[in-house]
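Chemist:
Chains as they are written, first to last, in the working numbering: chain D, 277 to 628; chain W, -19 to 355; chain Y, 2 to 330.
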């Protein structure tokens, strides 16, 4: 018993009863943290996702603000000045090269803003066209995803919540759409709509956007909602089995209340994540269609149409194809990695 | 030498939110043919303890220190090759959920034969025979036919019996049962527990029974380890733990369960809520919920100390009791001394003393004389 | 105890709940989760309902509350049969439910005060935000939750505290009758006693009536006035709590009670269990006649032929067995 702790020197005061405060001091609850804050903490810890997010934000911000401050516009043909003969020296400038007129101006001591990526064959500043094309591509991707989200969420939640016959009909439609070769459908619909929508839009506000983009949106709304609808239906079905939904029912809550307070808030993270992953696929489709000439109307550029135009001069001006291609890749890769990061951070199933 | 010796085992999980000390200094011995119960609530570290012994922890889990000796062989740091041999051959485990521990895409026979051929030198034919024999041993009727069936064709109780058959097919020295009956109904639980007792008698393996159910340990276990929040509260024979608990948590636990006579009365619960393992206090983890908590409990974790026989407990109350006993003894001794001194102060006392001294001397002399005479 | 001539608060009459199950292509078979169950619960009483998983005890609780539309039979609450939508709406302000799983029964995206306040919001029980707030804090106080935690999310609490949140929610409508569906079986032993005591206290203070569903017989015995035993969708025995423990009449009840592990080594080791053969048959493929006959050591031919009546053998002790007298001599 020599080594027994019984024999050690102890302070008798230690053996007085502890007060409630002393005991309470030992069990402090961790500071409150919401689901959202937890998710953000996890997101910012994920380096890849964080860098992707920065890249996407930079690209988005520059595509929004750069055209406002840039001295050139995406549609101005620099060689064409009213009252002057066309100046062909502006066409097909190499990066950082100046036209003869500009060189002359520089000689006079004026400052001339450089053409970072040169100009295209119509004498338009290629850098601002890329920036503008990025803006169009991002906007199309974003709005197309919103459309997919709205259609998919409505149909998916209706199918999941109502069940039975409604569910069966919606899901069979989904099956049919899935069984169609989608690229073929897209091309078919795009070319049909281009013909039919063109005259209808004439003279309306929508004309500025162009029939092609409108038809693009319609295509998304018609075809790409399926996977979103399936996903949300599955979510709703599993959430409906949760005991808290049953608890709400047992207190007499109506369907609207259950959807509003229990179902939607619990699928919102899944919805946001899959929307974030939907954007790159929409951008890809848009670029693809524009590349085929079914996308945005000239002179409006999109990354796809820029790449498509660059094909004509690919031997001498290959950088004009490479630049939009790199931008597309950056955006798509960035959004995909960011979407993955979002899912890792926010999907409740993964972090239980 | 004990079959399994676990000494001062510490295991932690290194998570995003910090280090979770899941097991803090657990020690126990297990002999052949013995049944050890590890009791504790969720998060007490009872499963992590045996997962550490078998080294089947999740990737974030690490054994920080301590020693695990199986048959004298050190397992901590022994390497994956040794552990593979240990798992299945020497230590087998059955899990709580018999629904998920069998692969649904293979037949029962296939899975049994695979387990047997993996760990023994039997060929497939011999393995098949062994598998049928094992199924018969765990009371599954018509085992030849059953071998060809898939897990979904069996009920929960039967699947757990198949898991036991699989675990015992290689005749392990130790069977670890991680809450084997928690997912089962009472009547099925009774069947399984009886089966385990029967098999232990026939095959002589040791059993480590992890459970939160005090009824199960009372029925099955020779020795019991009680755990709370990763710390090792108490260890002793079933009788020690149930009839003479020496840790406040064990006492509280035994008080709080409804018994046959408690109807119409209030139960005596342990107050408060379990402690946050990420935020373990310095002192005894049970102190915040302990009615007898003292100042020392708040800032100093008690060590595990013997309280009689193999019975050990980590609770300052035992130190206090011991100290009070010591104090009382010292007080009694002082009292006796004071009485003595008081007696001596009187002349009669002095005379008395002298007489006694002389008598003692005379007696000693007589004794020496007698011994000398003998020699 | 309630008088025999008093009207019961909950009167369940020949309740049946069948679920259609797809057993083949275009073929459905009814799964008889609850098959002709009748019982009564007096005001202020606790009726324990025990049985093994799949015996239909949870379905009984949910069907009484009309979370499932009963296939047949009726529930009469306080003399009023629950038939149409209006009855159900009225019934739902009188009765609530406490669930087993303190994790899945609380919405992870809601704060504690919103969870507890849900019934208040659904039934518009409070006119303004201040009343609502006050009521929620009062409920939290009643179940022993710290009111500072009202704005926290459920996942920040331990199982026992979460179950308290669930109980506070069920008390928000000031119910008379609560169906407790295994409210303590997911909790740690050291927490169970707290929650059981709370049920006890709430009953004393508010005069609540409980249907207490559980599989832990020690807990049920502690809390219940009477205990009903179910097997495969049918009720096999119903009696006073002490009576059913001391003199179980049905062979299934006998075996069930003997199988309970008693937390006392001497008693547990001396305890003679009455082992049952085999497993519970699937309710889709229930045996003819008495559902228990496939595992019953006393089964005879007539047990396969007809389902025994659920009859009163001694005062207040009901049992459904053909051979009650013979096997209990």
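For each residue, glycine too, the CB sits at the ideal point set by N, CA and C.
Here the structure is a predicted model, which means the values were calculated and not measured.
Looking at the C-beta of residue 195 (chain W), does it have a partner C-beta in chain Y at a distance below 8 Å?
Modeler: yes
Chemist: Roughly how many angstroms separate the alpha carbons of residue 16 (chain Y) and residue 119 (chain W), rounded to a whole number?
Modeler: 38 Å
Chemist: Using a C-beta to C-beta distance shorter than 7 Å, which residues of chain W count as neighbours of residue 289 (chain D)?
Modeler: 275
Chemist: Using 8 Å for Cβ pairs, my map puts residue 154 (chain Y) next to residue 311 (chain D). What's the rounded Cβ distance?
Modeler: 7 Å
Chemist: What residues in the region 261 to 280 of chain Y have a beta carbon less than 7 Å from any beta carbon of chain W?
Modeler: 261, 262, 263, 264, 265, 266, 269, 270, 274, 276, 277 and 280
Chemist: Please list, in chain order, all residues of the same chain as residue 283 (chain D) whose beta carbon is under 6 Å from its beta carbon, the five residues on each side excluded.
Modeler: Note that residue 283 (chain D) scores 45 on pLDDT, short of 50, meaning its location in the model is unreliable and no value can be drawn from it.
Chemist: Could you list which residues in chain Y have their beta carbon closer than 7 Å to that of residue 198 (chain W), in chain order?
Modeler: 262, 263, 264, 265, 266 and 269
Chemist: To the nearest angstrom, how far is the alpha carbon of residue 303 (chain W) from that of residue 286 (chain W)?
Modeler: Rounded to whole angstroms, residue 303 (chain W) to residue 286 (chain W) spans 14 Å at the Cα level.
Chemist: Between which two residues does the beta strand (DSSP E) holding residue -11 (chain W) run?
Modeler: -16 to -5
Chemist: What number of angstroms, rounded off, separates the C-alpha of residue 393 (chain D) from the C-alpha of residue 601 (chain D)?
Modeler: 14 Å
Chemist: Buried or exposed: residue 110 (chain W), going by 16 or more other Cβ atoms within 10 Å of its Cβ?
Modeler: The residue in question, residue 110 (chain W), is buried, as its Cβ has 16 or more Cβ neighbours within 10 Å.
Chemist: Going along the region 498 to 525 of chain D in order, which residues come within less than 7 Å of chain C, judged by CB to CB distance?
Modeler: No chain C is part of this structure, whose protein chains are labelled D, W and Y.
Chemist: Helix, strand or coil: which one does DSSP assign to residue 366 (chain D)?
Modeler: helix
Chemist: Does the CB of residue 542 (chain D) have a neighbour CB from chain Y at under 8 Å?
Modeler: For residue 542 (chain D), the answer is yes, since a Cβ of chain Y falls inside 8 Å of its Cβ.
Chemist: In chain Y, what lies closer than 8 Å to residue 248 (chain W) by C-beta?
Modeler: 194
Chemist: Could you pull out every residue in the same chain whose Cβ sits closer than 6 Å to the Cβ of residue 389 (chain D), ignoring the five residues on either side in sequence?
Modeler: 347
Chemist: Closer than 9 Å by beta-carbon distance: list the chain W residues that pair up with residue 414 (chain D), in chain order.
Modeler: Simply none; closest approach about 33 Å.
Chemist: Do three or more CB pairs link the region 128 to 144 of chain W to the region 168 to 179 of chain W at distances below 8 Å?
Modeler: yes
Chemist: Using beta carbons (cut-off 8 Å, strictly below), is residue 315 (chain D) in contact with chain Y?
Modeler: No - not a single Cβ of chain Y is within 8 Å of the one on residue 315 (chain D).
Chemist: Quick check: the region 562 to 574 of chain D against the region 155 to 164 of chain Y, are at least 3 beta-carbon pairs closer than 8 Å?
Modeler: Counting Cβ pairs under 8 Å, fewer than three are found: no touch.
Chemist: Any idea what DSSP makes of residue 23 (chain Y), helix, strand or coil?
Modeler: strand
Chemist: Would you mind working out which of Y:91, Y:146, Y:9 and Y:285 sits nearest residue 117 (chain Y), comparing C-alpha positions?
Modeler: Y:146
Chemist: In its own chain, which residues sit with a C-beta less than 6 Å from the C-beta of residue 229 (chain W), not counting the 5 before and 5 after it?
Modeler: 208, 213 and 266
Chemist: Identify whether residue 74 (chain Y) lies in helix, strand or coil by the three-state DSSP scheme.
Modeler: strand
Chemist: Of all Cβ atoms in chain W, is any one closer than 8 Å to the Cβ of residue 339 (chain Y)?
Modeler: Given that chain Y is displayed from residue 2 to residue 330, the structure contains no residue 339 (chain Y) and the question cannot be resolved.
Chemist: Taking beta-carbon pairs under 7 Å, can you tell me which members of the region 158 to 170 of chain Y lie near chain W?
Modeler: Among the residues of the region 158 to 170 of chain Y, those with a Cβ less than 7 Å away from any Cβ of chain W are 159, 161 and 162, in the order of the chain.
Chemist: State the Cα-Cα distance for the pair residue 131 (chain Y) and residue 172 (chain Y), rounded to the nearest angstrom.
Modeler: 19 Å
Chemist: Just to confirm before moving on: does the CB-CB distance between residue 98 (chain W) and residue 91 (chain W) stay below 8 Å?
Modeler: no
Chemist: Kindly indicate which residue of Y:195, Y:231 and Y:152 has the alpha-carbon position closest to the one of residue 52 (chain Y).
Modeler: Y:231
Chemist: Under 8 Å: do the region 499 to 507 of chain D and the region 438 to 455 of chain D share three or more Cβ pairs, one atom per stretch?
Modeler: yes
Chemist: Given residue 259 (chain Y), which residues of its chain have a CB within under 6 Å of its CB, disregarding the five upstream and five downstream residues?
Modeler: 274 and 275
Chemist: So, under 8 Å CB-CB, residue 604 (chain D) and residue 563 (chain D) are touching, yes? Tell me the CB distance rounded to an integer number of Å.
Modeler: Yes, they are in contact, since the Cβ atoms of residue 604 (chain D) and residue 563 (chain D) sit about 6 Å apart, within 8 Å.
Chemist: Pick out whichever of W:185, W:189 and W:288 has its Cα sitting closest to the Cα of residue 226 (chain W).
Modeler: Relative to the Cα of residue 226 (chain W), the nearest Cα in the group W:185, W:189 and W:288 belongs to W:288.
Chemist: Taking the CB atoms as reference points, tell me whether residue 198 (chain W) and residue 266 (chain Y) lie closer together than 8 Å.
Modeler: yes
Chemist: Note the first and the last residue of the continuous beta strand (DSSP E) segment covering residue 286 (chain W).
Modeler: 285 to 288 is the extent of the beta strand (DSSP E) around residue 286 (chain W).
Chemist: Please identify the residue among D:614, D:359 and D:462 whose C-alpha is closest to the C-alpha of residue 555 (chain D).
Modeler: D:614
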